[in-house]
Every structure is written in C-alpha cells, then in structure tokens.
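Enquirer: One structure follows; several queries about it will come next.
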C-alpha cells in the first residue's frame, strides 16, 4: 500500500488549497503532483509522492540520522569488541 | 536518486546485518505488514543477511491480496456492464474472483483501464460525460487521502458520471486480529512507514502496550528495513514493548493532519472482510452517506451481493504469518504466478509471488543462511 | 473476531489455465513462453525452432542464410523516438543480426482496419522506407489486407527478413560456455517506459524516448574484428531479465549478473520508481546482450563503445558452472536473488 517515491518540487501552481499542484522531478522524469496535503511545501523541497499526491515532505536532517545511527552503532561495536579482549 | 540510493549501499547493509547478529541471542518472529516492505526484503535479499534466529513473516500488507472475493466479483460485474469505463490500479487486474479476473473482462471487450492516480479516473469522467466511470478504490490508509480527494473533487465539480468502488482497509485492526489470535507467533512488528506518514503512529501505542509487542515504524529501502529490524530486536532483547520511529525523515507522530481531515470528511470506519482472514470489525473505510451518490455499489445495485468465500487456500495462514509459502503443497506446482490459486500469489507484492519470483530455487548463497526463508 | 479455521489444503476455485488468449500471452514473459513451448513448438516440430533463437539458420551449400519474422501491434502507433514502422524494420534487422548475419532483404505485410487514415499509413510506410534505406536493406515483397472496422487495431505489420551469415562460427544459445562474459550494449528500459508514458495518465512532462534502433552495424563490426561471439540476444518485451533467462534455460548454464553494473538512465529510473517497475523487465528495442569468452571481452567492449549505438556498453556478469538454467543477480546490498521471467506484463503497482 506504500509505493511512495521522493521527488523534488520544481514549481507550484493553484490558489485553491485543494487543487494546489506542482511539477515534481523524479530523477529527470517530471510529473504533475497534487500538493494539497503538503501546504507548507515549497519549490526545492522533496516530497513523498503516492498515486499522484504528495503525502508528506521529507526532512533532510532526519534523513541523515540513519547514517548517524550506523556510525554510532559502529563506535559502540568497536568499544564492545575492545572490552571483550 | 536522492533519498533512495543512499539507503541501498552494501557496506552500510553489512554493518547493520553484523549489528543485528551481535544483539540477537534467541529466536524471534517479526512481522512486516506492508507489501512494499515484503517486496524490498525479497528483491534486495535483506532476509538472507539476517541471523537464523530471526524469522521474518510477511503479513496482510497488500491491499490487493486482502480484497475479498466478494468485492472482486462486484468489480467484475460493474466492469462488464456496457458503457462503463472501469479504472483501476494495475495490480488489481490479475486478482482472481471466483473464476475470472478484470483482465479477462478486458479480453472480452470490457473497457478496463489502468490508471496511476484516482485523479486520472476523474479526468476520464470529465472527458467522457456520456460514460459511467468507476474507480476501484483499493488501498490502506496511504491511498485514502488520494481517493478521498477524488470523491471530494467529483462532488465539487458535479461529476455525476463518476463513482468509486471502495475497498479500503486499515492496518491497526489487522494487527490486533493477528495478535489476538490463539496461534499467533509474532513478537514484534515493522509498521508500514507510508501508512504512518499519513496517519501518524499514536494508534499503535495502545496495541504495543496491550499485547506487549514492540512496533517500529519502518521505511522501504533496505537500510530502513535493516534499521527497523535492529530496533525491534533490540527492544525484544531488552524486554521493551514500545512504539519507535525508524522512518523519521517522512513520518511524524501525528501524521499528516490535512490528509486525515479529508479522509474524515469523505470516509467513515466500517467493518471489512479480509480475504483469507474473514471479517474484522472497524477495519475498513466506506463512503459517508453525504457522498453516497459516488458509491458504485449503490449506483450499480451490487451492495447486497454476498459471495461465499471459497474454502481457504492457505493464503490466510500465510497472511497471518502462521505458514510460509513453501508450506503449501500447491506452491510452485498447481499454484504459480501464471495460475494463481490465491491472492498471495496473484499480487506481485503477495508473499507467495515474491517467494516464487525470487526464491524458486535455492542458490548456494541463500541456502547457507536459512533464516527467514 | 475472525473465525479460527484450521488451514485446509484445498484451494478456492482456481482460474484453471486460461482458455483464451490474454494480453499477458504477448508480454514476452512466462505465459508467452508456455504458449510457444506448449502449443507452437510441438505442432510445428522443427529442429530449427528447437534452437530457440531469434532466427533460423538455413544452409545452402557453403553459404548460410538467416531467416526471421516478427509482427508489430504496438499502441500507440507513434511514440517518442519512433513508430510502428521504425519498430518493424529495426526489429527484424536486429533479429537477423542476433544470428550473426548481415540483413539484406525484408518483406512487409499489412493488415489494415477499415477507416484507418491513409495519411497515417503513408507516414508509417515512409518510416519503414527510410529506416530500411539507412540500414542498407531492401523491402522486396509485401502484402496488404483490409479487415472490417472493429476487427483490427488500425494497423498490424508483419515483417520477415533474410540475411547472410557472416559470423564464422554459429551464434546461438548452444554456443554459450561456462566463464563466458556477458556484455550489455547500453542502458535499459527506454522503450517500455516511452510506450507506457504516452498511455493515459502515466505520462511524464519530458517524454522518455524509445531506444528503437538497428544494431546490425554494431554487431557486424564485432564480427569483422574477429571477436569470438558465442551468443547474441536482443532485448525486447520482457526486458533484460527475459533475455537472460531464455538463454540460461536454453543452454542449461547459470548466468550470474551484478545489479549495480546495469546502466539505467536517470529519467527512466525515475519513471520506473514511480510506477513500481523493475527496469530489468522493461522492454527495449535497440539493445542486446553478447556472450563472449573472457579473452575477447575487453576488446569487444572497446569496439562497442566506439560505435554510436554501443557507447554505453558494459560488462554485467558471467556464465558460471553453478545451478543449471538459472539467472542470479547480486543486488546493490550484496545479497543474491534468482531472476525469473515475469508471468505476464509488468503492471504499475501502488504497493
């Protein structure tokens, strides 16, 4: 139920909040996407798109946390290995 | 592609796999409830990198799989009606009803069209005012905002030739049904990240507490799934049962308010039958009376059709994680993607189809790590 | 709550094999292959067909001719990068090239629906004529039929082709050997995404162009350079995956490929992600795979890259002595999976 793909907003149009839509770029494939559910999203933002609708914006800072987590896990593992010796 | 490729790297995957192996001290059964996650796990081979103690089971996370036979039959009846343009998401076309599917209706001359978005069906209705256009609104909560918007706009624009056949299902009741079943083996869940992007994850907190299971909101790329599994196992090993969020880049605790508002405007919670599982109370969405003019069941007079669910193929047990695809004697023999006997083989996200496509034979590599397969 | 049914191993009334042709039978996947293997091959019962190659090699004394046929029913008739005419001529040229032959002569049969605009027919035929000229093949014979309105989809084209084999050893699945290197002539997925993107609702702003092209001159340059080509297969419907699986099954070898080595251009990748398509199953019309011995791989690659149609050529894998008849692919995270053909057409998914 969950094929939603990140795309970058290139332009926004429409005054009616429910009809607000934008051109969203998916790696060079550009499609019209309804932006009614991401009223705060602006040009340059990345949104998650499912069946032609942006269902949320993507938080870049949070996106990096997976790698931060990985790094911290790595440090912890080294620490534990060191203790085990 | 940004926000995709970074989460498919080999080194990071191996690090996560190592970390999971390190913290796992006993057998655990975890379920992921999302066809998209099943697909990613099997496509990238995530489960082949997990320690043997972890059993990953694939839940009823594919709206295509769980759409009851009764609804497929209604769809077939409507699609076969002369003059109707029947629009659907691609995957629904191959789901078997009692004896045929939407593709066969198309083969016999029905105007059945694949659309990417419900708004495309709306456009078809606008451009063809003399035709009755029906959209097959299948999906979990992720798709509800889109389907709600289609009805809302149809109402605003007075598109009286448009209607929707609704088959929405909700995740939390399905989880409860699985957890409360006497033969439940599942000890932890990866919650569907995109469902939570819309709905948030507060609904899972009482479930985690009541049943004592950790629930981790998880994304769809391999690294997301590894991290989700890591977080779940860590909770299990530490004896915790909380809701955590792995997919923080796309999910907030309260979800998407404006989407939820429109869902509440157009839909109401109703009981729904799940193929292979039975009826689960308060587990689906149906159109509110205010929008009943756009309800295809009423429009085409099929609301009272009752179709007996045929004796279950083990799709039901597979969907609940009790059986694996290979446990079914028909798997790969009488039941294959070309001749699917049940829903889990039909949908490309269904557990059986995923297993069939990616695991038909055992390779040297995957057979040395027997986990989760 | 849901009723507790003990699992019974009897299954719901199944769709017990199709008694009618489905769209999927034309999709280049499992269903089509079952139809060929189960119906056509046994009835036609010919050793030439059993070779399961793109064309038949016919011997006339010292010379060998390659002979092939194909039909074109694509919709839309016109798509970014080509039309049914260019598709027909290039497709048949490519099938001949896959036999190691220089394409020489084509036939063209047309089935036209009553009411089909003559101007449109003219455009299609002009395309065919131009494409044939550009590739130094001649259209030498043809046929035209008209069917009642409603009994045909505008226009169907069938082409047959004859070429003279120039490879000095047989180029066919039977020639594949363990340790052969698998080369891919360029990025994949363009044609299928070009077609699907002009269909209703699946359109993108900047159209993806089909890769429809004749690869004969590229193949001939490899033959002329003395590359020992064991097998060639052009990628059509069913994509890279189907071509690999067909060869693995026909020759009973294991083919192991690396997902990260497979080139997909950016906008094709984006379009595939949105619709939930795996690029390895998407149709192509101007790409092929080549099986060559390791000692010829580097030279072959360099020759391909110096040709305009092979600029993106890469090595994607090799033939192993492993499990017979399967294709394995190492994913980007390093785990292996089996690649099988799809049962029918890939359908856009929401899940």
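Protein chains in written order, with this note's numbering: chain A, 15 to 99; chain B, 6 to 378; chain C, 2 to 352. C-beta: ideal position from N, C-alpha, C; glycine also.
If I measure Cβ to Cβ from residue 14(C) and keep anything under 8 Å in the same chain, skipping five residues before and after, which residues do I get?
Expert: Note that residue 14(C) has pLDDT 28, beneath the 50 cutoff, so the model's placement of it is unreliable and the number below is only indicative. Within the same chain, residue 14(C) has no close Cβ partners at all.
Enquirer: Relative to the alpha-carbon of residue 107(B), which residue among 211(B), 126(B), 79(B) has its alpha-carbon at the smallest distance?
Expert: 79(B)
Enquirer: Roughly how many angstroms separate the alpha carbons of residue 277(B) and residue 286(B), rounded to a whole number?
Expert: 7 Å
Enquirer: Jot down the residue ranges of each uninterrupted alpha helix (DSSP H) in the stretch 179-242 of chain C, minimum 4 residues, whole runs only, in chain order.
Expert: 191-198, 217-225
Enquirer: Going by the CB atoms, is the gap between residue 315(C) and residue 185(C) shorter than 8 Å?
Expert: yes
Enquirer: Alpha carbon to alpha carbon, how far is residue 132(B) from residue 105(B)?
Expert: About 30 Å.
Enquirer: What did DSSP end up calling residue 154(C) once you bin it into helix, strand or coil?
Expert: coil
Enquirer: Short check: CB of residue 196(C) to CB of residue 68(C), under 8 Å?
Expert: no
Enquirer: By the 9 Å beta-carbon criterion, what residues does the stretch 33-50 of chain B contribute toward chain C?
Expert: 39, 40, 41, 43, 44, 47, 48, 49, 50
Enquirer: Look at the alpha carbon of residue 6(B) and the alpha carbon of residue 58(A), and state the distance between them as a whole number of angstroms.
Expert: 15 Å
Enquirer: With burial defined as no fewer than 16 other Cβ atoms inside 10 Å of the residue's Cβ, what is the status of residue 174(B): buried or exposed?
Expert: buried
Enquirer: Within 8 Å (strictly less), CB to CB, does residue 49(A) reach chain C?
Expert: no
Enquirer: Can you check which of these residues, 143(C), 73(C), 251(C), is closest to residue 38(C) by C-alpha distance?
Expert: 251(C)
Enquirer: Starting from the Cα of residue 90(B), find the closest Cα among 111(B), 96(B), 74(B) and give me that residue.
Expert: 111(B)
Enquirer: Nearest-angstrom Cα distance between residue 203(C) and residue 121(B)?
Expert: 6 Å
Enquirer: Roughly how many angstroms lie between the CA atoms of residue 217(B) and residue 177(B), to the nearest whole one?
Expert: 15 Å
Enquirer: With 8 Å set as the bound, which would you pick, yes or no: does the beta-carbon of residue 288(B) sit closer than that to a beta-carbon of chain A?
Expert: no
Enquirer: Can you have a look at residue 42(B) and say buried or exposed, based on whether 16 or more other CB atoms are within 10 angstroms of its CB?
Expert: buried
Enquirer: Three or more beta-carbon pairs under 8 Å between the stretch 285-298 of chain C and the stretch 229-242 of chain C, yes or no?
Expert: Taking 8 Å as the limit for Cβ pairs, the verdict is that the stretch 229-242 of chain C does touch the stretch 285-298 of chain C.
Enquirer: In its own chain, which residues sit with a C-beta less than 7 Å from the C-beta of residue 182(B), not counting the 5 before and 5 after it?
Expert: Result list for residue 182(B): 282, 285, in chain order.
Enquirer: Please compile the residues from chain C whose C-beta is within a distance smaller than 9 Å of the C-beta of residue 52(A).
Expert: Residues of chain C passing the Cβ test: none, with the nearest at roughly 17 Å.
Enquirer: Under 8 Å: do the stretch 271-290 of chain C and the stretch 59-78 of chain C share three or more Cβ pairs, one atom per stretch?
Expert: no
Enquirer: Taking the alpha helix (DSSP H) that residue 201(B) falls in, what are its first and last residues?
Expert: 198-204
Enquirer: Examine chain A for any beta-carbon lying closer than 8 Å to the beta-carbon of residue 272(C), and answer yes or no.
Expert: yes
Enquirer: In chain order, what residues of the same chain lie with their CB nearer than 6 Å to the CB of residue 36(B), ignoring the 5 residues before and after it?
Expert: Excluding sequence neighbours, residue 36(B) sits near 62, 64, 191, 194, 326.
Enquirer: Would you call residue 71(A) buried or exposed, if buried means 16 or more other Cβ atoms sit within 10 Å of its Cβ?
Expert: buried
Enquirer: For residue 84(B) and chain C, any beta-carbon pair shorter than 8 Å?
Expert: no
Enquirer: From the DSSP secondary-structure annotation, give me the bridge partner or partners of residue 27(A).
Expert: Residue pairing of residue 27(A) in beta bridges, as defined by DSSP: 35(A).
Enquirer: Starting from the beta carbon of residue 5(B), find every residue of chain A whose beta carbon is closer than 8 Å, and list them in chain order.
Expert: Given that chain B is displayed from residue 6 to residue 378, the structure contains no residue 5(B) and the question cannot be resolved.
Enquirer: For the alpha helix (DSSP H) holding residue 107(B), just list the boundary residues, first then last.
Expert: 107-112
Enquirer: Going straight from the alpha carbon of residue 197(B) to that of residue 38(A), what length do you get?
Expert: 24 Å
Enquirer: Comparing the C-beta of residue 34(A) with each C-beta of chain C, is any distance below 8 Å?
Expert: no
Enquirer: With three or more beta-carbon pairs closer than 8 Å as the criterion, would you say the stretch 252-264 of chain B touches the stretch 62-80 of chain A?
Expert: Here the stretch 252-264 of chain B lies against the stretch 62-80 of chain A, with 3 or more beta-carbon pairs under 8 Å apart.
Enquirer: Where does residue 265(B) sit, in a helix, a strand or coil, going by DSSP?
Expert: helix
Enquirer: For residue 371(B), which of helix, strand or coil comes out of DSSP?
Expert: Caution is warranted here: a pLDDT of 38 is assigned to residue 371(B), below 50, making its placement in the model unreliable, and no coordinate value can be reported.
Enquirer: Classify residue 353(B) as helix, strand or coil using the three-state DSSP reduction.
Expert: Note on residue 353(B): pLDDT 48, under 50, position unreliable in the model; the coordinate value appears next. Looking at residue 353(B) - three-state DSSP - the assignment turns out to be coil, as it is neither helix nor strand.
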